[in-house]
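Protein chains in written order, with this note's numbering: chain A, 19 to 416; chain B, 142 to 315.
Have a look at this one:
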């Protein structure tokens, strides 16, 4: 339905419709490209093909019911979405989360970051013609999904992080599984680098492609690896630490070239940093301890208690029928998702259902810079640029 | 943490007040977050000040969103979340808009990133932004009726959608 006003006039240029069913858009993104020969003169993204009204649905659910919806926004980062939503509700309630639960959250979210970067690297490489990397990346991603399955019972839509803590205690044998992964992964990251970092075709396709200056990137509200590749070391884990990130030692990788190749290097370096964080969290997590805050009326009671104590049964009944009512007010919480700053805004009017839930999806906002990246470039570079801003359409359209 | 951010609020509010005493209607503190309520006609000027002032340096507009508080009036509450990357501080600017006349100045000239954020609010809440370069619907089709995130828009929509059983029976009869 979107009409394009041509920039140069109709005689010289043609308008090409790319998507919504194009394999390199990783979902249903449509871009209208105005071409002069092979050069992109103007690009107009057209979104909304995956709009599911998650924010509206949240208003019709109690606070705890909405967690399952958050899984489905950025489907490569369900744990991160759970985390930002739960942090926002916890801030609204003023809950204190036990340290053990915070460390497990950090470990899971960092595993998720690696798995998301692996999907990004694999699909980005296959778009640019490097088939092998895709198979390698998905091999390691499978190992992470197995860890998720062990912890949560689900490979993707985990709903593991709950308001006030976690859904389940870590299962027996989790240490061996994570330890095995931590031993295996560093050499695997080296493997990807062997395939790509000095590969002449890879450099040819990505170096100097899709440049954006740091000033433009901040102006366009870009965050995440795309902004860090432009030389701005802005990372929510450092700038506004949440979930005890201030206790972890890690670096924020940055580059200054701000092209597709720099973004690739930043993300690969981030995988290595995440491994460091997972190792530290692994050592910090004690074998015994609470995984949920002490907040009757908000956290569902344990099954055993619910069967034997009247008060627990009443709480159980109230939580699952009516829900709980936080104080009226608004909170905005941001975390660092694999794609950038993921924010959750909740407005409460003091009733058991939120008045408004809004998600600041980094994919949506980073995508805004796409025309800036590709205008004046060749049409083949469009694919490289869509790849390096790393969008997930489920989050763009919500 | 609460202490430092309340000090921060003083910095922002004082800085804005010393520039224009009318710019700050109210300062709200909740859970360590600072909200500065700005009059509608001064929004763009205040935003420019927040971005450009050497003491504030709110260079990143991270989010903009709307809350519909119907039946209360003024009905719409616009929230702009600003981040200062050099100072590592956050603040929220808030503007109230009446239900009859939900119009406000666009901030695209201050932060180009406001473009899609404002289009989303226009699409889902029907708030018009003056001076926006490309105010079209973004998530919904161009011919969509109404603005679904308003509180008076039913969750299931306005149109009757036949249930799957009905569809199945219709398709299986010759």
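Ideal Cβ positions, reconstructed from N, Cα and C, are used throughout, including at glycine. A quick note: this is a predicted structure, and the numbers were derived from the prediction, not measured.
Three or more beta-carbon pairs separated by less than 8 Å link the stretch 277-291 of chain A to the stretch 131-139 of chain A, which places the two stretches in contact.
Among the CB atoms of chain B, one or more fall inside 8 Å of the CB of residue 112(A).
Within its own chain, the residues whose Cβ lies closer than 7 Å to the Cβ of residue 192(A), once the five positions on either side in sequence are excluded, are 168 and 169, listed in chain order. Spatial neighbours of residue 131(A) in its own chain (CB-CB distance under 6 Å, excluding positions within 5 residues in sequence) are listed in chain order as 292 and 356. Between the stretch 290-304 of chain A and the stretch 168-182 of chain A, the count of C-beta pairs closer than 8 Å stays below three; the two stretches do not touch. In this structure, the alpha-carbon of residue 262(B) lies about 35 Å from that of residue 172(A).
Three or more Cβ pairs closer than 8 Å define a contact, and the stretch 114-128 of chain A meets that threshold against the stretch 300-309 of chain A. In the structure shown, the three-state DSSP call for residue 240(A) is coil. Residue-level contact check: residue 174(B) touches chain A, since one or more beta carbons of chain A fall below 8 Å from its beta carbon.
Residues of chain B whose Cβ lies closer than 7 Å to the Cβ of residue 252(A) are, in chain order, 226.
Across the stretch 78-103 of chain A, CB contacts with chain B closer than 7 Å involve 78, in sequence order along the chain. Every alpha helix (DSSP H) of 4 residues or more that sits fully in the stretch 165-245 of chain B is shown, in chain order, as 184-193. Counting of Cβ neighbours within 10 angstroms places residue 380(A) among the buried residues, the total reaching 16 or more. Interface flag for residue 339(A) against chain B is unset, since no Cβ pair is found closer than 8 Å. A residue is called buried once 16 or more other Cβ atoms fall within 10 Å of its Cβ, and residue 241(A) is buried on that count.
Residues of the same chain with a CB within less than 6 Å of the CB of residue 228(B), apart from the 5 flanking positions on each side, are 198 in chain order. For residue 266(B), the nearest beta carbon of chain A is not closer than 8 Å to its own beta carbon. Residue state for residue 48(A) is assigned as strand, using DSSP reduced to three classes.
According to DSSP, residue 350(A) shares a beta bridge with 363(A).
When only Cα atoms are considered, residue 57(A) and residue 79(A) end up about 48 Å apart.
Residue contact check for residue 54(A) against chain B: no CB pair falls below 8 Å.
Excluding the 5 residues flanking it on each side, residue 53(A) has same chain C-beta neighbours closer than 7 Å at 31, 32, 34, 59 and 397, in chain order.
For residue 173(A), no alpha helix (DSSP H) run applies, since DSSP gives it neither H nor E.
Within the DSSP secondary-structure output, residue 310(A) pairs in a beta bridge with 183(A).
Annotation for residue 106(A): 349, 351, 362 and 364 place their beta carbon closer than 7 Å to its own, counting only its chain and skipping 5 residues before and after.
Taken through DSSP and simplified to helix, strand or coil, residue 60(A) comes out as strand.
Counting C-beta pairs closer than 8 Å gives three or more between the stretch 266-282 of chain B and the stretch 248-258 of chain B, which meets the contact rule.
Shown here, residue 55(A) sits in coil according to DSSP, grouped into three states, outside any helix or strand.
Among the residues of the stretch 152-176 of chain B, those with a Cβ less than 9 Å away from any Cβ of chain A are 169, 171, 172, 173, 174 and 176, in the order of the chain. The beta-bridge partner set that DSSP reports for residue 271(B) consists of 246(B). Taking a 10 Å sphere around the C-beta of residue 220(A), we find 16 or more other C-beta atoms and assign the residue as buried.
A Cβ of chain A is located within less than 8 Å of the beta carbon of residue 206(B).
Collapsing the DSSP output to three states places residue 375(A) in a strand.
Counting other Cβ atoms within 10 Å of its Cβ, residue 39(A) stays below 16 and is therefore classed as exposed. Within the same chain, and ignoring the five residues on either side of residue 89(A) in sequence, the residues whose Cβ sits closer than 7 Å to its Cβ are 96, 99, 100, 175, 176 and 177. For residue 33(A), the enclosing beta strand (DSSP E) starts and ends at 32-36.
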